[in-house]
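If you're matching positions, the sequence shown starts at 1 in the UniProt record's numbering and goes up one per residue.
Single-structure report; data block below.
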Amino acid sequence: MAALARKRITSTPAKETQASPCSTSSVAGKGHCVVYSADGRRFEVPLAYLGTAIFGELLSLSQEEFGFAGDDGRITLPCEAAVMEYVMCLLRRNASEEVEAAFLSSIARPCHYGSGLAQFMGVSQQVSVASF
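Have a look at this one:
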């Protein structure tokens, strides 16, 4: 039975595993830990990322907001999946200290409000206002 469970965990196509930092298996891969975004999406994070300034800040915010591990025992970071994907991208590409500092200043406000991230990424939203 354990062999079947292992087979299910490793049967994910390599292409899917590389394309997404998320996983549906119940066990983190070797050298990874599991965290969840505020909207419940699961991320496998390489242990090396845990020592970065960005993850240190996210873990501090998590501890303040959720008591680090929530009632369900999961580590939930106080940002949505889109922000986590961006963080993972920054860390995968070895972003410069300046880029990391800019990102960290953008999450001074809760990062589940996407407007700060959108401004940081250079995305502008047009808001239509009806005039009477």
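Backbone N, C-alpha and C define an ideal beta-carbon position, used for all residues, glycine too.
Note that the coordinates shown come from a computational prediction; the quantities given were computed from them, not determined experimentally.
Pair within 8 Å by beta-carbon distance, residue i and residue j
{"i": "Leu-91", "j": "Val-99", "result": "no"}
{"i": "Leu-59", "j": "Pro-78", "result": "no"}
{"i": "Glu-64", "j": "Ser-37", "result": "no"}
{"i": "Glu-44", "j": "Ala-69", "result": "no"}
Euclidean distance between Cα positions of residue i and residue j
{"i": "Val-35", "j": "Ala-101", "result": "22 Å"}
{"i": "Val-87", "j": "Gly-73", "result": "23 Å"}
{"i": "Phe-66", "j": "Gly-40", "result": "13 Å"}
{"i": "residue 180", "j": "Glu-57", "result": "Coverage of the chain is limited to positions 1 through 132, which leaves residue 180 absent and any answer about it impossible."}
{"i": "Ile-75", "j": "Met-84", "result": "13 Å"}
{"i": "Ala-3", "j": "Glu-97", "result": "Only weak support is given to the placement of Ala-3: the predicted model assigns it a pLDDT of 44, under 50, and the question is left unresolved by the model."}
Terminal residues of the beta strand (DSSP E) in which residue i lies
{"i": "Val-35", "result": "32-36"}
{"i": "Val-45", "result": "42-46"}
Residue i - containing alpha helix (DSSP H), residue span
{"i": "Ile-54", "result": "53-66"}
{"i": "Cys-79", "result": "Careful: Cys-79 lies outside any alpha helix (DSSP H) and carries neither H nor E."}
{"i": "Ala-69", "result": "Taken as a continuous stretch (DSSP letters only), Ala-69 belongs to no alpha helix (DSSP H), as it is neither H nor E."}
Of the listed residues the options, nearest to residue i (C-alpha basis)
{"i": "Arg-93", "options": "Glu-64, Thr-52 and Phe-43", "result": "Thr-52"}
{"i": "Tyr-49", "options": "Ile-107, Ser-105, Ser-106 and Ala-95", "result": "Ala-95"}
{"i": "Leu-104", "options": "His-32, Thr-76, Ala-69 and Phe-55", "result": "Phe-55"}
{"i": "Ala-82", "options": "Ala-28, Val-27, Cys-33 and Arg-42", "result": "Arg-42"}
Beta-carbon contacts of residue i that lie in its chain and below 7 Å, excluding the five residues immediately before and after
{"i": "Pro-46", "result": "Gly-31 and His-32"}
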